[in-house]
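What follows is a short report on a single structure.
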Amino acid sequence: MTRIRVRFAPSPTGPLHIGGARSALFNYLLAKKEGGDFIVRIEDTDRDRSTPESEENIKQSLLWLGIRWNEGVDIGGPYAPYRQMERLDTYRQAAQQLLQSGDAYYCYCSEEEIEAQREELIAKGETPRYLGNCRNLTEEERGQKEKEGRRPVIRLRVPDDVELVIDDLVRGKVVFSSSEIGSDFVIVKSDGIPTYNFAVVVDDYLMKISHVVRGEEHLSNTPRQLLLYKALGWETPVFAHVSLILGEDRSKMSKRHGSVSVVNYQNEGYLPEALVNFLVLLGWSPEGERELYTLDELEKVFSLDRVSKSPAVFDMNKLRWINAQYLHVLPTETIAEGISPFLPAGWSKERKLLLAQTLAHHLEIFADVRNYLSLIEGADVAIEDEETGQLLDQEHVPALIALFEAKISEMEELAPEAIKAAIKECGKELGVKGAGLFMPLRIALTGNQHGPDIDKLAALMGKDIILARLALRK
RNA sequence: GGCGCGUUGGAGAAGCGGCUGAACUCACCAGCCUUUCACGCUGGCAUUCAGGGGUUCGAAUCCCCUACGCGUCACCA
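One rule links them: number in our numbering = place in the first sequence (from 1) + 1092.
Put into structure tokens, the structure is as follows:
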């Protein structure tokens, strides 16, 4: 068995997508599990859409998730460079080989001509395709076109009726016919830059990639690539096409579905270990009943044969739940830091810590802290519903509120412990306890029957707000 | 439209011909506990595996057809 070498090959045309992140994760885990190499290669051959910012974002997101490559961009390796635009010579050579063997040829048709042909075919009710106009150009014809200043593309000569079999690790045997490809496709654009299908093949082969694990959207590209491998006389890697991640409406996850970039989740205060855990469960399932795994653990238990063929819907609920599992066990200091970006400016460290402590088990993601701010800020309180309001109508309530108000007024320091003691004193003096004691105060102060510890909330409110809110209930 | 892939509860899924009278998790619903609240705990939630045929003593599991969903058909990746 040769060494496992896998790669994640994003095109830097936007931030790292959730689906891309999962592909990267699966590749990474496979490499780790098998003690192989994980390579990151940048496919930046789309000059119009590729940007350095996107590349940066993708790398940052991978690192944030804890996915590190041991070969590839930035860190180099034995098959450098790992950015396709820096490998143009390599593709040129491969293209030369194909030209010489006659498997590829120059095509001088302009985009307008191709477009006109397409429309003509459509008008006749036929499938639009390239008809091979330049397939058999003579030397003179070529010279003529060159003289006209036309910049040719290079096309691969697609044979008729060749059976192309993909032995896919997740989908099994998938058979295509070369005839289904339709027409001779472009492998080198007129500006000399290779197209995706050509560049992947060259790189995957030259970089000795053993397993190509990628999204299912690439399955129908694979026959073209197979043809290329064949023409070049190269052995193919093993393929594994992982099913797509769908949005709630069951179509491929895209911007319409809300946050699709890893960086969005980072900004919303999700924890990387939670995202990783959630992502791995989309399309892969562990053997036992346990679902919570750290990256380290996944590196040991992951395997391709437990990858599902059917697409998975991205379920925000579950992501949040998983995030909560990781968040709830974090030290208070870490939670305080995590919620910090969602707090108004000027909060002291102590205040953040107290809030973190108060909300520790109420937050699913850090950004949730925003929902709790109204609980402790502002003099206004809205009673959540009628039933809640009625709890304030009990006979002992006015006296309770008055007594509590008096005690608070006298206090200098409003620490949670002191407030709790005050509440208990109220109870003792008035002969109420339990729900009859805490509930009216909670409702008077927050308007809700449910919520975080009332003594801590009150401490966070501070004297003025407590008094102001109590005043509303008199 | 051609080609390809898929279809187990609202979501993720297990299941690989009998031990499944379909695990487990999220969500949802109900209840319980608690000198507040939450966390939590307990229970409920597919008489059935898209539908229809077949093969078999026996099928969610194998075969065929239909339906539906998605993907893909660029000088984008």
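Backbone N, C-alpha and C fix where the C-beta goes; we use that ideal spot for every residue, glycine too.
Taking one beta carbon from each stretch, the stretch 1177–1189 and the stretch 1209–1220 have fewer than 3 pairs nearer than 8 Å; the two do not touch.
The Cβ-Cβ distance between Phe1130 and Val1165 does not fall below 7 Å. Out of Arg1565, Ile1511, Met1177, Glu1517, the CA that lies nearest to the CA of Ala1550 is found in Ile1511. Collapsing the DSSP output to three states places Val1165 in coil.
By alpha-carbon distance to Ile1493, the top candidate from Thr1424, Ala1448, Arg1565 is Arg1565. For Phe1530, the secondary structure class from DSSP, reduced to helix, strand or coil, is helix. Contact annotation: Lys1548 and Thr1450 have beta-carbon atoms nearer than 7 Å.
DSSP, read as helix, strand or coil, puts Asp1195 in coil. Take Ile1273, set aside five residues on each side of it, and the residues of its chain with a beta-carbon closer than 7 Å to its own are Val1250, Pro1315, Arg1316, in chain order. Three or more Cβ pairs drawn from the stretch 1535–1547 and the stretch 1472–1481 lie within less than 8 Å of each other, which places the two stretches in contact. Per DSSP, the continuous alpha helix (DSSP H) segment holding Gly1481 begins and ends at 1478–1482. Residue environment: Glu1456 is assigned as buried (16 or more neighbouring CB atoms within 10 Å of its CB, all protein chains considered).
Contact between the stretch 1151–1167 and the stretch 1407–1418 is absent: fewer than three C-beta pairs spanning the two stretches fall below 8 Å.
DSSP places Arg1114 in the helix class (H, G or I) of the three-state scheme. Residue environment: Val1267 is assigned as exposed (fewer than 16 neighbouring CB atoms within 10 Å of its CB, all protein chains considered). Rounded to the nearest whole angstrom, the C-alpha separation of Arg1243 and Lys1151 is 35 Å. Per DSSP, Val1305 is one residue of the beta strand (DSSP E) stretching across 1303–1307.
CA-CA distance, Asn1225 to Lys1239, rounds to 18 Å. Burial is judged here by how many other beta carbons sit within 10 angstroms of a residue's own beta carbon; Pro1104 has at least 16 and is buried.
Between the alpha carbons of Leu1533 and Val1421 lies a gap of roughly 30 Å. Within 10 angstroms of the beta-carbon of Arg1462 lie fewer than 16 other beta-carbons, which makes it exposed.
The criterion of a C-beta distance shorter than 7 Å is satisfied by Ser1335 and Pro1403.
For the alpha helix (DSSP H) assignment, the uninterrupted runs of no fewer than 4 residues enclosed by the stretch 1430–1485 are, from N- to C-terminal side, 1441–1451, 1465–1468, 1478–1482. The DSSP-derived three-state label of Glu1135 is coil. For Pro1286, the pairing in a beta bridge is given by DSSP as Val1280. Collapsing the DSSP output to three states places Glu1340 in coil.
The beta carbon of Asn1162 sits closer than 7 Å to the beta carbons of Asp1129, Phe1130 from its chain, once the five residues preceding and following it are set aside; these are given in chain order. If you draw a straight line from the Cα of Lys1281 to the Cα of Ile1246, it is about 7 Å long. Its Cα nearest to that of Arg1227, the residue Asp1195 stands out among Gly1241, Asp1195, Gln1209. When rounded, the separation of the alpha-carbon atoms in Glu1381 and Asn1369 is 14 Å. Residue nearest to Arg1443 within the set Arg1114, Lys1499, Ala1291, Glu1425 is Glu1425 (criterion: CA-CA distance).
According to DSSP, residue pairing for Ile1258 in a beta bridge involves Val1266.
Take the alpha-carbon of Val1294 and the one of Arg1133: they are about 12 Å apart. In the DSSP assignment, Ala1332 falls within the beta strand (DSSP E) that extends over 1330–1334.
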